[in-house]
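Engineer: The structure follows.
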Amino acid sequence: MTATLLPPELAETEASPRAGADALPGGPTPAIRTSGLTKRYGGLTAVSGLSIEIPRGVVAGFVGPNGSGKTTTIRMILSMIRPTEGSAEVLGVDTRHPIGYLPRVGALIEGPAFYPTLSGRRNLRVLSSLGGYSPVRVEEVLEIVGLADRAGDHVASYSMGMKQRLGIAAALLPKPELLVLDEPANGLDPAGILEMRRLILELSRHGVTVFISSHLLAEVEQIADWIVMLNKGRLLFQGPIDAVLSQRETQLVVAAEDPADLGRLAALLRSAGHSAHVIDGRLHVDAEASFAAELNRSAMSAGITLVEIGTNRATLEDTFLAMTAGETR
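See the structure below:
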């Protein structure tokens, strides 16, 4: 779907002044800003007191387990549902006045839906006509997403990855400043995920702010430079992804010519104050990569020949699980 097609109850809402257009200290108005955003369904709280800011020009990963409130938050941001409490601004405009910002937003929510017996180009022309966009834009977005050579084929013949790219093409019709993607890698094979990653990075290089909801943290780690972590409807972390990754624990993984020597080396390292354990024929040492040279010298002094020293750095998923371990229990 494209976010410019307003829900019927909001279609005639009057545009308002750009309520949040004043610049933030040190930078422009964020692409997305929420304050105490909350959504309840009866006794269930799907999103609770969410306050976030997404800078312009970033690829922002919006991550959390299934059921953590990501899609509900996106629906509130796009004025598809109303919050129970709190407020939100998109591109400096209060979400209570969607006509003031939705024409500058593209969105792909819960998978694209197209007429299977029409071609990709024809589907986009239908959407272009509904949205009032130039037919020239259809050809432009087909080139952007790499579907120009298959644009004349029926959508029924498209792979899942091609349908996802066609969905992004539809979201790009209004030349959006902000692109919102909800689980864009769902159902894609590794080749399709790689295609999606390349497309998102290319859009970012052209100045589009991309907000990606995903439970695939390993994929988000590949492309995001800003991250918002959600768990059970509550904010866990927001900020540059490097701030999270810098907290990752690093291990040195060591193999010896004689595996029996690893226990002796582990004892030497522990006596020097290092955490070291032999697991599956490898010595795991909690230390940064810079400790490798000293470790090698210690082994040589003890008459132990090492045949491998590598690093094992925790992933974003490992870090997220560690951060939520207490809540999960």
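Its first residue numbered 5, the sequence shown is counted upward by one per residue in the numbering used here.
Ideal Cβ positions, reconstructed from N, Cα and C, are used throughout, including at glycine.
Just the C-alpha distance for R129 and I85, rounded to the nearest angstrom, thanks.
Structural biologist: Rounded to whole angstroms, R129 to I85 spans 28 angstroms at the Cα level.
Engineer: Say whether the stretch 249 to 268 touches the stretch 94 to 106, bearing in mind that this needs 3 or more beta-carbon pairs closer than 8 angstroms, one atom from each stretch.
Structural biologist: no
Engineer: Tell me which same chain residues have a C-beta within less than 7 angstroms of the C-beta of G211, skipping the five on either side of it?
Structural biologist: G61
Engineer: Determine the direct distance from the alpha carbon of F215 to that of T254, and round the result to whole angstroms.
Structural biologist: 29 angstroms
Engineer: Between L82 and A111, which are expected to be in contact by the criterion C-beta below 8 angstroms, what is the C-beta distance as a whole number of angstroms?
Structural biologist: About 6 angstroms; that satisfies the 8 angstroms criterion.
Engineer: What are the residues that DSSP puts in a beta bridge with L97?
Structural biologist: Sequence check: residue 97 is Val here, not Leu. Looking at the DSSP assignment, V97 forms a beta bridge with V94.
Engineer: Less than 8 angstroms between the beta carbons of A189 and S217, yes or no?
Structural biologist: no
Engineer: My guess is that E312 and A259 are in contact by the Cβ rule of under 8 angstroms, so how many angstroms apart are they, rounded?
Structural biologist: 4 angstroms
Engineer: Starting from L134, trace the alpha helix (DSSP H) both ways and give me its first and last residue.
Structural biologist: Looking at the DSSP string, the run of the alpha helix (DSSP H) that includes L134 is 124 to 135.
Engineer: Mapping DSSP to helix, strand and coil, what is I197?
Structural biologist: helix
Engineer: Note down, one range per segment and in chain order, each alpha helix (DSSP H) of at least 4 residues found wholly within the stretch 149 to 212.
Structural biologist: 164 to 175, 194 to 209
Engineer: Do you know offhand how far S250's Cα is from G71's?
Structural biologist: Approximately 27 angstroms, taken between the alpha carbons.
Engineer: Does N316 pass the burial test, meaning 16 or more other C-beta atoms within 10 Å, or should it be called exposed?
Structural biologist: exposed
Engineer: Since L272 contacts A306 with CB under 8 angstroms, what's their CB separation in whole angstroms?
Structural biologist: 6 angstroms
Engineer: For the alpha helix (DSSP H) that E225 lies in, which residues bound it at each end?
Structural biologist: 221 to 227
Engineer: Just to confirm before moving on: does the CB-CB distance between L203 and V149 stay below 8 angstroms?
Structural biologist: yes
Engineer: When you compare each of T76, E57, F66 to Y45 by their alpha carbons, which one comes out closest?
Structural biologist: Here the closest residue by C-alpha is T76.
Engineer: Reducing DSSP to helix, strand and coil, say where I103 ends up.
Structural biologist: helix
Engineer: Report buried or exposed for M200, applying the criterion of at least 16 other Cβ atoms within 10 angstroms of its Cβ.
Structural biologist: buried
Engineer: For E89, collect the residues of the same chain with a Cβ closer than 7 angstroms to its Cβ; drop the 5 residues on either side in sequence, then sort them by chain order.
Structural biologist: G40, T42
Engineer: Please classify V140 as buried or exposed, where buried requires at least 16 other C-beta atoms within 10 Å of its C-beta.
Structural biologist: exposed
Engineer: Could you give the distance in angstroms between the alpha-carbon of F324 and the alpha-carbon of V184?
Structural biologist: So the alpha carbons of these two residues sit roughly 22 angstroms apart.
Engineer: When burial is assigned at 16 or more other CB atoms within 10 Å of the CB, is R286 buried or exposed?
Structural biologist: buried
Engineer: Which residues share a DSSP beta bridge with T49?
Structural biologist: R44
Engineer: Tell me V258's beta-bridge partners as DSSP assigns them.
Structural biologist: L287, I313
Engineer: Could you please give the first and the last residue of the uninterrupted beta strand (DSSP E) stretch that includes M233?
Structural biologist: Segment 230 to 235, the beta strand (DSSP E) holding M233.
Engineer: Can you tell me whether T75 sits near the ligand MG, meaning its C-beta is under 7 angstroms from at least one heavy atom of the ligand?
Structural biologist: With respect to the ligand MG, the structure shown offers nothing to examine, as it has no ligands at all.
Engineer: Considering only C-alpha positions, which residue in the set V51, S279, Y119, M80 is nearest to P102?
Structural biologist: M80
Engineer: Does the beta-carbon of D322 have 16 or more other beta-carbons within 10 angstroms, so that it is buried, or is it exposed?
Structural biologist: exposed
Engineer: Give me the Cα-Cα distance between I56 and L310, rounded to the nearest whole angstrom.
Structural biologist: 48 angstroms
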